[in-house]
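Numbering (our numbering), first residue to last: 153 to 708.
Read through the structure below, which is laid out as structure tokens, and then see the notes.
Rendered as structure tokens:
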């Protein structure tokens with residue numbers, strides 16, 4: 153056996169020690185863990201959403217929602233084409249870069265309405281412990297209020313029963329941007345206080361019909377960012393905005409409607425929670441919460457302006473929802489910035505919303521750099537974007553956007569950056585921020601995942617992403633966070649909000665959207681997740697700090 157010269161051996165030892173010291177100083181650490189390292193009762197799952205998954209848009213009594221109306225509109229096709237061609241500008245595969253007319257709508261989606269039994273079988277094979285899905289309000293109650301659709305009721309009962317037989321925990325969401333169009337036409341939907349009673353009645357039907365088998369309810373998904381996309385910039389249904397704050401909109405008022413939307417969301421949520429607690433919780437022994445989109449924010453510089461903008465962004469991201477639920481009113485920062493345009497809670501309403509939750513769900517994907525938007529000029533009329541007055545970047549060198557999360561996240565210039573980098577430390581920071589400012593709330597990570605434009609089955613990058621965020625979840629729990637579950641996005645490829653069927657693929661299970669039968673095929677990540685869940689396979693990750701890795705912002 154050949155011996156190394158002594159000086160070379162010493163040099164290698166010195167270099168190895170120096171490298172280890174450098175990594176330690178930089179904050180790089182490794183973590184090995186297994187499924188069994190998570191607390192008792194912790195559930196791992198995956199999710200979908202009704203409009204994006206079910207299809208069968210006009211079957212068996214379902215009526216249009218605002219999402220159907222928007223995706224069939226000329227305004228949506230203008231936005232969709234811009235996004236689609238930005239994402240596939242440099243696509244080498246001509247089959248991937250061409251789209252057919254139905255790409256822009258969820259009319260067929262993943263055809264889950266017809267294939268749910270096959271999908272539950274796939275969930276069982278993977279070993280999912282929980283499945284989070286949303287109910288289509290206009291499938292269950294086509295007019296928005298009143299008579300229940302027997303076919304819609306049968307579908308959800310059948311799917312729930314399949315999940316019960318499979319031993320999979322059922323996590324139901326009542327609302328995800330798919331308000332029955334009839335209620336939008338009648339009184340303007342979420343900007344009118346009438347929505348509170350109609351949402352409560354809808355929730356009552358769900359609790360009554362499904363609550364004997366469902367014990368985990370979320371009222372609304374991501375209202376904190378839907379306010380901007382739906383009612384300020386108009387890039388999401390119901391496509392509301394007003395000049396000069398948005399374009400290609402069918403109507404709206406960007407200065408006040410985002411705040412009315414959030415206000416009525418909170419009141420509707422709290423009303424549904426009160427109903428559940430008074431009428432169902434004792435017998436059904438379930439829990440009810442609300443969901444928020446979550447980003448972590450890092451100041452672009454250490455200037456007072458950028459630090460102030462970062463704190464302001466956190467108030468609009470987290471405080472806008474959590475402050476009323478914990479303290480009964482909006483944060484002082486938002487009250488000061490918005491002024492008389494911000495609705496106020498009466499004493500009764502304040503009591504209604506305070507502590508009106510059993511848990512908070514987070515949809516967390518990544519982090520961004522934030523800086524003060526010096527171009528905002530105080531004017532008599534301002535929109536939500538101007539109120540936040542913050543610029544967002546995925547990396548320090550990216551072109552900034554004043555919108556928290558909208559169609560700009562898949563612009564041609566930012567597409568590769570936003571799609572392929574991670575910051576699991578940001579999730580830990582977000583959980584710690586919530587704990588420090590609002591108490592040690594019960595948290596469920598309800599969405600976390602990584603999308604890719606090519607739809608590859610050998611999705612190693614997705615596995616690397618998920619490993620790091622699951623590790624970050626465990627680290628946060630060990631540091632005191634009360635996290636009870638983790639669901640990755642998504643169980644299966646679906647119709648994506650930004651990009652239809654061919655721009656983003658998030659699923660553990662791939663779907664061939666070019667086939668009429670929507671063929672399913674598990675990806676490598678499905679096998680990896682299964683090994684972790686069913687076989688307690690170890691995961692080892694290297695956790696690097698922000699300074700050693702770029703950042704990402706993922707789209708649903």
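Note that CB positions come from ideal geometry on N, CA and C, so glycine has one too.
Owing to the predicted nature of the structure, the values given are computational and were not obtained by experimental measurement.
Residue i and residue j closer than 8 Å at C-beta
i: residue 623; j: residue 614; result: no
i: residue 283; j: residue 374; result: no
i: residue 637; j: residue 194; result: yes
i: residue 217; j: residue 332; result: yes
i: residue 223; j: residue 258; result: yes
i: residue 326; j: residue 305; result: no
i: residue 537; j: residue 384; result: yes
i: residue 672; j: residue 646; result: no
i: residue 618; j: residue 281; result: no
i: residue 621; j: residue 600; result: yes
i: residue 591; j: residue 662; result: no
i: residue 369; j: residue 438; result: yes
i: residue 597; j: residue 635; result: yes
i: residue 582; j: residue 448; result: yes
i: residue 334; j: residue 214; result: no
i: residue 219; j: residue 205; result: no
i: residue 279; j: residue 639; result: no
i: residue 386; j: residue 400; result: yes
i: residue 189; j: residue 626; result: yes
i: residue 376; j: residue 469; result: yes
Range covered by the alpha helix (DSSP H) that runs through residue i
i: residue 685; result: 676 to 687
i: residue 419; result: 409 to 431
i: residue 641; result: Per DSSP, residue 641 belongs to no alpha helix (DSSP H); it is in the beta strand (DSSP E), 635 to 641.
i: residue 653; result: It is not in any alpha helix (DSSP H) - residue 653 carries neither H nor E in the DSSP assignment.
i: residue 329; result: Run containing residue 329: none; DSSP gives neither H nor E here.
i: residue 383; result: 375 to 383
i: residue 577; result: 576 to 590
i: residue 351; result: 346 to 362
i: residue 204; result: 202 to 205
i: residue 343; result: Counting along the chain, residue 343 falls outside any alpha helix (DSSP H), and DSSP gives it neither H nor E.
i: residue 487; result: 484 to 490
i: residue 537; result: 536 to 540
Nonlocal neighbours in the same chain, by C-beta distance under 6 Å from residue i, ignoring five residues either side
i: residue 572; result: Reliability fails at residue 572, whose pLDDT of 43 lies under 50, so the model's placement of it is uncertain and the value that follows must be treated cautiously. Closer than 6 Å at the Cβ level, and outside the excluded window around residue 572, lies no residue.
i: residue 366; result: 322, 324
i: residue 351; result: 420
i: residue 208; result: 265
i: residue 328; result: 201, 286, 373
i: residue 276; result: 318
i: residue 516; result: 446, 579, 600
i: residue 658; result: 601, 603, 641, 642
i: residue 648; result: 656
Terminal residues of the beta strand (DSSP E) in which residue i lies
i: residue 270; result: Note, residue 270: premise wrong, no beta strand (DSSP E); alpha helix (DSSP H) at 264 to 278.
i: residue 439; result: 439 to 451
i: residue 502; result: Where residue 502 is concerned, there is no enclosing beta strand (DSSP E), although the alpha helix (DSSP H) it sits in stretches over 499 to 505.
i: residue 143; result: Residue numbering for the chain in the displayed model covers 153 to 708; residue 143 lies beyond these limits and cannot be assessed.
i: residue 691; result: 691 to 695
i: residue 598; result: 595 to 599
i: residue 619; result: Not the beta strand (DSSP E): residue 619 falls in the alpha helix (DSSP H), residues 612 to 630.
i: residue 517; result: 511 to 524
Sheet register partners of residue i (DSSP bridge)
i: residue 322; result: 283
i: residue 288; result: BP columns for residue 288 are empty, so no partner.
i: residue 369; result: 324, 440
i: residue 673; result: 662
i: residue 228; result: Answer is none; residue 228 lacks a bridge partner.
i: residue 183; result: 693
i: residue 195; result: 637
i: residue 604; result: 657
i: residue 545; result: 521
i: residue 217; result: 332
i: residue 392; result: 403
Cutoff 7 Å; reference residue i; Cβ partners in own chain excluding five residues on either side
i: residue 501; result: 419
i: residue 534; result: 407
i: residue 229; result: 256
i: residue 494; result: 411, 482, 486, 487
Neighbourhood of residue i by C-beta, 8 Å cutoff - its chain only, sequence neighbours within 5 removed
i: residue 464; result: 485, 489, 540, 541, 542
i: residue 503; result: 480
i: residue 173; result: Because residue 173 carries a pLDDT of 46, less than 50, the predicted location of this residue cannot be relied on, and the following value inherits that uncertainty. No residues qualify anywhere along the chain.
Heavy atom of the ligand NAP within 7 Å of residue i beta-carbon
i: residue 489; result: For the ligand NAP, the structure offers nothing, since it holds no ligand at all.
Cutoff 8 Å: residue i Cβ touching any chain B Cβ
i: residue 322; result: Looking at the structure shown, chain B is missing, and only one protein chain is on hand.
### Query
Pairing CB atoms from the segment 458 to 478 with CB atoms from the segment 500 to 515, are three or more of them under 8 Å?
yes
### Query
Does the count of Cβ pairs from the segment 418 to 426 and the segment 538 to 550 closer than 8 Å reach three?
no
### Message
Check whether the segment 479 to 488 and the segment 440 to 460 are in contact - that is, three or more C-beta pairs closer than 8 Å.
### Response
no
### Query
Contact between the segment 512 to 528 and the segment 458 to 470: three or more CB pairs below 8 Å?
yes
### Query
How do the segment 679 to 691 and the segment 183 to 201 stand: do at least 3 beta-carbon pairs fall below 8 Å, yes or no?
yes
### Task
Please determine if the segment 296 to 304 and the segment 663 to 670 are in contact, where contact requires at least 3 C-beta pairs separated by less than 8 Å.
no
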